[in-house]
Amino acid sequence: METGIPGLSWDESKLKGFKVHELSPSVDVPARTGRRDFYKMGLVNGDMTIDYGGQIVEIKGTVLFFINPKVAHSIVRRVNRTSGYGCIFTEGFINKRELQDSPLFSVGDNPVIPLKEDEAFFIGSIFKKMLKAYDGEYPHKADLIKSCIALIIHEALEIQPSQQTKPFINGTSRIAHQFIDLLERQFPIERSSDPLKLRNPQDFAASLAVHVNYLNRAVKEVTGKPTSAHIAARITAEAKALLKHTDWSVADIAYALGFNYPAYFNNYFKRITGTTPNSFRKV
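What follows is the structure, given as structure tokens:
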């Protein structure tokens with residue numbers, strides 16, 4: 001199974017739920033991937049462009065990256081030769097609470113952290129330790145590798161504290177962040193038979209036990225965008241992911257996103273993107 005990390009796949013994995021690999025140099029070989037059930041973490045030196053949840057993220061120089069499986073993503077362009085290390089692991093391999101508590105795997109954070117030379121050297125040494133343990137016969141290598149993953153996470157937090165860990169300044173900021181968290185928790189959609197339950201500002205206000213006008217003011221003040229704009233952008237991003245990375249029919253996608261009729265979804269998608277779902281899928 002392809003993983004979306006150049007040169008890294010699940011094939012012939014030596015440890016259930018985990019694999020680490022030294023990245024092979026590659027030139028102009030676009031690698032697309034959808035959402036999987038594993039997390040990705042890597043140390044990369046190169047020049048590439050990633051589409052992460054509908055946002056274009058540029059990687060230049062040496063960076064540490066973290067990819068959440070809930071976010072649809074793909075490598076859009078890889079220009080120069082890349083080098084470094086990558087690993088993938090499932091929630092079953094590492095402590096699920098540790099992942100949930102780690103803001104570096106939050107869907108709202110930038111997945112890329114630029115590194116200085118000494119930082120890259122140290123984190124590279126941890127990846128080398130994981131690779132040695134992975135290829136070796138040490139009976140407790142799973143525990144050792146888990147400790148290495150945790151160490152990389154903490155090193156990354158020290159280098160660049162997550163935006164999600166910043167204290168709330170006031171109630172307005174808290175409500176805005178609760179809204180964003182509630183919005184993101186609805187995704188990804190795994191089954192067409194389990195449609196979105198919260199689709200408009202009124203739904204979110206009721207769930208957060210606040211008046212919709214207060215929610216709208218808080219979100220606009222903190223983020224600069226209306227509540228409805230956040231919802232529309234996230235639904236559209238999910239629609240694009242489902243169109244590109246599943247074989248669901250347009251009707252199934254429409255129902256999964258909470259549209260009563262496929263025609264409503266078609267009109268909605270075209271109004272926002274300028275193209276129809278079927279046309280987008282064929283690109």
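Per the UniProt record's numbering, residue 1 is the first one in the sequence shown, and the count goes up by one each step.
We put the CB at the ideal spot given by N, CA and C, even for glycine.
Who are the near neighbours of residue i in its chain, counting only those whose CB is closer than 7 Å to its CB and skipping five residues on each side?
i	result
residue 273	236 and 280
residue 58	49
residue 266	276 and 277
residue 144	133 and 138
Closest to residue i by CA distance: which of the options is it?
i	options	result
residue 282	14, 240 and 257	240
residue 227	247, 204 and 244	204
residue 112	19, 46 and 275	46
residue 85	94, 52 and 122	122
residue 197	152, 249, 256 and 125	256
residue 120	52, 152, 270 and 206	152
residue 155	63, 243 and 242	63
residue 298	60, 251, 68 and 214	Absent from the structure is residue 298, since the part of the chain shown begins at 1 and ends at 283.
residue 199	184, 147, 211 and 213	184
residue 124	225, 260, 149 and 135	149
Round the Cβ separation of residue i and residue j to the nearest angstrom and send it over; I've been treating them as touching at under 8 Å.
i	j	result
residue 188	residue 238	7 Å
residue 175	residue 218	4 Å
residue 15	residue 82	Not quite, the Cβ-Cβ distance comes to about 24 Å (not below 8 Å), so this is no contact.
Closer than 8 Å to a non-hydrogen atom of the ligand ATP - does that hold for the CB of residue i?
i	result
residue 44	By its list of ligands, the structure shown contains no ligand whatsoever, and the ligand ATP lies outside what it can speak to.
If I measure Cβ to Cβ from residue i and keep anything under 6 Å in the same chain, skipping five residues before and after, which residues do I get?
i	result
residue 254	262 and 265
residue 93	17 and 18
residue 29	Reliability of the predicted coordinates at residue 29 is poor, the pLDDT of 39 falling under 50, and the value obtained from them is presented with this limitation in mind. Here the set comprises nothing.
Confirm, please, whether the CB-CB distance from residue j to residue i is below 9 Å.
i	j	result
residue 221	residue 172	yes
residue 44	residue 130	no
residue 159	residue 201	no
residue 90	residue 127	no
residue 87	residue 40	yes
Cutting at 8 Å between CB atoms, please list the residues of its own chain near residue i, excluding the five before and the five after it.
i	result
residue 252	192
Hey, which unbroken runs of the alpha helix (DSSP H) at 4 residues or more fall wholly within the segment 231-261? The qualifying runs are 250-256.
At 3 residues or longer, and completely inside the segment 109-170: list those beta strand (DSSP E) runs for me, N to C. 112-114
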